[in-house]
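K.L.:
Can you keep this structure in mind? I'll have questions shortly.
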Amino acid sequence: MSASGHGSGSGSTWGGGMSLAASGVAASPRTATPVLACHHLTRRFGDRVAVDDVSLEVRPSETYGLLGPNGAGKTTTIRMVCGLLTSDAGDVTVAGRPIGGRTRDGRALIGYVPQDIALYPDLSARENLRFFGRLYGLGGRALDARVDAVLEVVDLRDRAEDRVDSFSGGMQRRLNIGAGLVHEPLLLVLDEPTVGVDPQSRHAILESVRNLGRTGTAVLYTTHYMEEAERLCDRVGIIDHGRMVAEGTHRELVDLVSERDRVELETTGDVERFARACTTLPDVESASASGGLVHVLTGQGRRVLPRLFELAEANQAVVRSARVVEPDLEAVFLHLTGSALRE
Numbered sequence: 001m002s003a004s005g006h007g008s009g010s011g012s013t014w015g016g017g018m019s020l021a022a023s024g025v026a027a028s029p030r031t032a033t034p035v036l037a038c039h040h041l042t043r044r045f046g047d048r049v050a051v052d053d054v055s056l057e058v059r060p061s062e063t064y065g066l067l068g069p070n071g072a073g074k075t076t077t078i079r080m081v082c083g084l085l086t087s088d089a090g091d092v093t094v095a096g097r098p099i100g101g102r103t104r105d106g107r108a109l110i111g112y113v114p115q116d117i118a119l120y121p122d123l124s125a126r127e128n129l130r131f132f133g134r135l136y137g138l139g140g141r142a143l144d145a146r147v148d149a150v151l152e153v154v155d156l157r158d159r160a161e162d163r164v165d166s167f168s169g170g171m172q173r174r175l176n177i178g179a180g181l182v183h184e185p186l187l188l189v190l191d192e193p194t195v196g197v198d199p200q201s202r203h204a205i206l207e208s209v210r211n212l213g214r215t216g217t218a219v220l221y222t223t224h225y226m227e228e229a230e231r232l233c234d235r236v237g238i239i240d241h242g243r244m245v246a247e248g249t250h251r252e253l254v255d256l257v258s259e260r261d262r263v264e265l266e267t268t269g270d271v272e273r274f275a276r277a278c279t280t281l282p283d284v285e286s287a288s289a290s291g292g293l294v295h296v297l298t299g300q301g302r303r304v305l306p307r308l309f310e311l312a313e314a315n316q317a318v319v320r321s322a323r324v325v326e327p328d329l330e331a332v333f334l335h336l337t338g339s340a341l342r343e
């Protein structure tokens with residue numbers, strides 16, 4: 001499986017949005033059934049259950065977001081998806097082929113991009129892509145065509161002959177994703193691909209991932225950034241403490257909180273005590289503290305604000321600013337788990 005990871009940001013852009021199909025490389029056959037099907041995945045590490053009965057499917061041309069905080073079980077889940085970690089229970093198939101055990105047929109259909117960079121720094125961009133392509137049995141003109149196509153996709157054709165150790169962190173990130181695409185997988189698995197990159201590189205990565213759907217590629221995308229899931233993903237699965245707590249389109253998930261508002265209070269002082277006190281109000285469904293913010297979920301956002309200010313003063317806290325936010329994925333997460341999405 002092709003590997004890639006994260007690095008420090010760069011100011012380089014990743015444009016073009018060119019697909020492998022558009023560049024003259026024939027697309028792989030697609031099926032009407034889900035490309036990825038995971039059923040009841042479970043994984044324990046000693047007494048700790050890292051992944052607890054997780055099921056999900058990803059369809060052709062779909063970007064599926066696995067959203068959750070650090071430590072929620074996202075990476076463990078995708079490592080089982082890619083056959084890098086054995087599950088204690090459950091099964092995974094890609095295009096109907098089982099993942100795991102001794103068979104490698106299904107794994108060849110996956111492009112895996114983990115969090116850690118896995119490139120050869122003393123090789124050029126082209127040499128790295130050729131290496132990963134040869135791992136999948138590509139050669140000759142087919143390999144040359146795919147390497148050229150991927151260099152266009154990741155906007156690195158003008159740096160194709162340069163050594164990777166001369167690249168910025170953002171450029172290395174883009175090349176890593178290219179390494180996951182060189183064999184034109186049916187399923188591309190991206191584990192937190194924008195961690196550690198600058199905003200410009202993040203924007204470019206998200207735009208290019210969005211364009212992959214036009215080639216028919218199915219994408220499994222893990223993130224703990226709400227805005228990435230909202231912007232990029234056709235469907236989102238929310239995972240917390242190893243369990244899938246909700247799944248659906250953005251609209252379907254937001255509908256779970258109905259007309260509830262999320263109130264964000266920038267607070268100093270005893271923030272934790274203030275958050276606990278907020279839960280005593282009859283109109284407040286949940287409240288949690290994250291850094292200097294107190295997140296309150298309520299059906300009466302503006303109406304409850306004066307009482308929240310009074311509670312802050314009574315609980316040795318000072319509210320510096322407050323805003324009422326219409327329902328979004330942050331509100332969904334708060335509603336389902338009782339806490340804000342933690343880093």
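Residue numbers (the UniProt record's numbering): 1 to 343.
Beta carbons are placed, not taken as given, at the ideal position from N, Cα and C, and that holds for glycine.
1. Touching or not, the region 261-271 and the region 286-297, by the rule of three or more beta carbon pairs under 8 Å?
2. Candidates D283, G237, V318: which alpha carbon is nearest R303's?
3. I need the DSSP call for V274, collapsed to helix, strand or coil.
4. Taking all protein chains shown into account, decide if S166 is buried (16 or more other Cβ within 10 angstroms of its Cβ) or exposed.
5. Can you check whether the CB of I110 is closer than 7 Å to the CB of L187?
6. Residues bridged to H295 by DSSP?
7. Tell me the DSSP bridge mates of A125?
8. For E161, which of P327, L138, A125 has the nearest alpha-carbon?
9. Among S258, S339, A314, Q300, whose alpha-carbon lies nearest the alpha-carbon of V324?
10. Considering only their Cβ atoms, is the gap separating V35 from T42 smaller than 7 Å?
11. For the region 185-254, which segments carrying the beta strand (DSSP E) assignment without a break, of at least 3 residues, lie completely within its bounds, in sequence order?
12. Which two residues bound the contiguous beta strand (DSSP E) that contains A317?
13. If I follow the unbroken beta strand (DSSP E) through H40, where does it start and stop?
P.N.:
From the atom records:
1. yes
2. D283
3. Note that residue 274 is Phe in the sequence shown, not Val. Looking at F274 - three-state DSSP - the assignment turns out to be helix.
4. Residue environment for S166: exposed (fewer than 16 other C-beta atoms within 10 angstroms of its C-beta).
5. yes
6. E264, S288
7. None, per the DSSP bridge assignment.
8. A125
9. Comparing alpha-carbon positions, the option among S258, S339, A314, Q300 lying closest to V324 turns out to be Q300.
10. no
11. Counting whole runs of 3 or more residues, the region 185-254 contains the beta strand (DSSP E) stretches 187-191, 218-223, 235-240, 243-248.
12. That run of the beta strand (DSSP E) goes 317-325.
13. 36-45
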